[in-house]
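Numbering-wise (the numbering used here), the sequence shown opens with residue 35 and increments by one.
One structure below.
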Amino acid sequence: MPGPRKQMMADMEPGTDSPLNFAVSSRDRQTMDMVAAAIRHKQVLLAYQPVMQARDQSKVAFYEGLIRVLDETGRVIPAGAFMNTIENSELGRELDTLALAKGLRALHENPELRLSINMSARSIGYKPWSHTLERWLKRNELIGERLILEITESSAMLVPELVVDFMDRLQMQGICFAMDDFGAGYTALRYFKEFCFDVIKIDGQFIQGIAHNPDNQAMTGALVSIAKHFDMLTVAEFVETGEDAEVLTRLGVDCLQGYHFAPATTRPDWMRNVQMNKAV
């Protein structure tokens with residue numbers, strides 16, 4: 035009979051029917067059920083976070099629309115709580131489509147708005163997503179030039195050739211592309227030259243506390259240099275202090291995003307104004 039330590043090690047082995055694996059599997063099923071219910075009952079919305087100009091930090095460069103779902107109690111659940119679980123499933127494609135539809139409607143209703151929407155490279159070729167974009171572009175041809183599609187670095191590297199072709203086609207319609215989590219370590223340099231992203235969002239691991247971290251200052255400076263060489267706008271995510279914002283501006287970052295400026299909200303000022311105008 036195995037001793038306690040051997041039994042514990044066996045329980046932790048991947049691929050076994052261990053208590054740990056059962057707990058993880060159960061949690062994932064609950065997460066997928068929650069997201070499926072939110073989609074079914076149309077309990078999905080966007081939270082909007084401003085991305086500020088670094089040189090004039092009172093001015094908004096654009097907003098990012100972040101997907102949220104409501105659980106059965108009405109709580110707003112952020113993407114970080116479910117996206118990794120549903121990313122590879124049909125639910126991930128459905129959420130990408132809903133996020134796009136809500137973002138395009140916001141652009142249609144707010145002519146001054148510039149907005150970025152997240153998507154997975156897995157959604158390229160997903161017909162409901164493509165049809166949603168085509169339908170809105172036909173309805174309002176000015177939407178495309180104010181839309182930014184964000185694709186994570188890891189997602190882009192799953193199918194790099196497909197991403198390059200996809201970007202080439204949509205950039206001809208005025209749509210911009212942002213690479214999210216830049217510097218996380220996935221991108222092969224031979225593909226980076228071909229991607230032609232318009233915006234690079236530097237991974238938050240280099241940004242948080244950067245004012246007191248010389249190593250991250252050096253890394254961020256190098257990433258900014260690469261982006262500028264390819265004529266790409268740079269955004270620093272997870273900016274949480276004024277000190278960090280000051281250092282990032284000095285390093286040449288173009289835009290700043292994070293709690294130092296504002297959290298994401300489902301009721302931004304411009305949306306409240308639109309709703310008031312409709313009521314009148």
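All C-beta atoms, glycine included, are put in the ideal place defined by N, C-alpha and C.
Taking Phe295 as the reference, which of Met305, Gly286, Tyr97 and Glu168 has the closest Cα? To locate residue 295, count along the sequence shown from 1; it is residue 261. Of the listed residues, the one whose Cα sits closest to Phe295 is Tyr97.
Quick one: Cα of Gly114 to Cα of Trp304, how far? Taking the first residue of the sequence shown as 1, we reach residue 114 at position 80. Taking the first residue of the sequence shown as 1, we reach residue 304 at position 270. Approximately 25 Å, taken between the alpha carbons.
Can you list, in chain order, the residues of its chain whose CB lies under 8 Å from that of Ile177, leaving out five sequence neighbours each side? In the sequence shown, the residue the question calls residue 177 occupies position 143. Residues Leu138, Leu141, His142, Trp170 and Leu171 of the same chain have their beta carbon placed closer than 8 Å to that of Ile177, with the five preceding and five following residues left out of the count.
Measuring straight from C-alpha to C-alpha, what distance separates Ser259 and Asp67? Position 225 of the sequence shown, counting from 1, holds the residue named residue 259. Position 33 of the sequence shown, counting from 1, holds the residue named residue 67. For Ser259 and Asp67, the distance between alpha carbons rounds to 44 Å.
If you draw a straight line from the alpha carbon of Ser164 to that of Ala245, how long is it in whole angstroms? Working through the sequence shown from its first residue, we reach residue 164 at position 130. Working through the sequence shown from its first residue, we reach residue 245 at position 211. Using only the alpha carbons, I get a separation of about 42 Å.
Measure the beta-carbon distance from Gln251 to Val281 and round it to whole angstroms, keeping in mind my assumption that it falls under 8 Å. For the purposes of this step, residue 251 is taken as residue 217 along the sequence shown, with counting starting at 1. For the purposes of this step, residue 281 is taken as residue 247 along the sequence shown, with counting starting at 1. In this structure, Gln251 and Val281 form a Cβ contact; the two beta carbons are roughly 6 Å apart against a cut-off of 8 Å.
Can you find a CB in chain B that lies within less than 8 Å of the CB of Asp232? Protein chains in the displayed structure number just one, and chain B is not present.
Have a look at the DSSP bridge pairing and note the partners of Gly99. One-based indexing of the sequence shown puts residue 99 at position 65. Paired residue(s): Tyr82 and Ile151.
Roughly how many whole angstroms lie between the Cα atoms of Ala315 and Val94? Limits of the chain in this structure are 35 at one end and 314 at the other, which puts residue 315 out of reach.
Give the C-beta separation of Leu267 and Asp288 to the nearest angstrom, bearing in mind that I take them to be a contact with Cβ-Cβ under 8 Å. Residue 267 sits at position 233 when you count from the first residue of the sequence shown. Residue 288 sits at position 254 when you count from the first residue of the sequence shown. Between Leu267 and Asp288, the beta carbon gap of about 5 Å places them in contact (Cβ cut-off 8 Å).
My understanding is that Ala218 touches Glu187, with C-beta atoms under 8 Å, so please give their C-beta distance in whole angstroms. The residue given as residue 218 occupies position 184 in the sequence shown. The residue given as residue 187 occupies position 153 in the sequence shown. With a Cβ gap of about 5 Å, Ala218 and Glu187 count as contacting.
Suppose you measure from the CA of Ala88 to the CA of Ser59; what does that come to, to the nearest Å? Counting from one through the sequence shown, the residue named residue 88 turns up at place 54. Counting from one through the sequence shown, the residue named residue 59 turns up at place 25. One C-alpha to the other measures close to 43 Å.
Local conformation of Ile158 per DSSP, three classes: Position 124 of the sequence shown, counted from the first residue, corresponds to residue 158. Note: Ile158 maps to coil in three-state DSSP.
Determine the contact status of Phe211 and Leu167, defining contact as a CB-CB distance below 8 Å. Position 177 of the sequence shown holds residue 211. Position 133 of the sequence shown holds residue 167. Between Phe211 and Leu167, the gap from beta carbon to beta carbon reaches 8 Å or more.
My guess is that Ser157 and Asp130 are in contact by the Cβ rule of under 8 Å, so how many angstroms apart are they, rounded? On the sequence shown, residue 157 is found 123 positions in, with the first residue counted as 1. On the sequence shown, residue 130 is found 96 positions in, with the first residue counted as 1. Taking 8 Å as the upper bound for CB-CB distance, Ser157 and Asp130 are in contact here, some 4 Å apart.
Find the nearest neighbour of Pro145 within the set Lys161, Glu175 and Gly159, judged by alpha-carbon distance. Taking the first residue of the sequence shown as position 1, residue 145 is located at position 111. Of all alpha-carbon atoms in Lys161, Glu175 and Gly159, the one lying nearest the alpha-carbon of Pro145 is that of Glu175.
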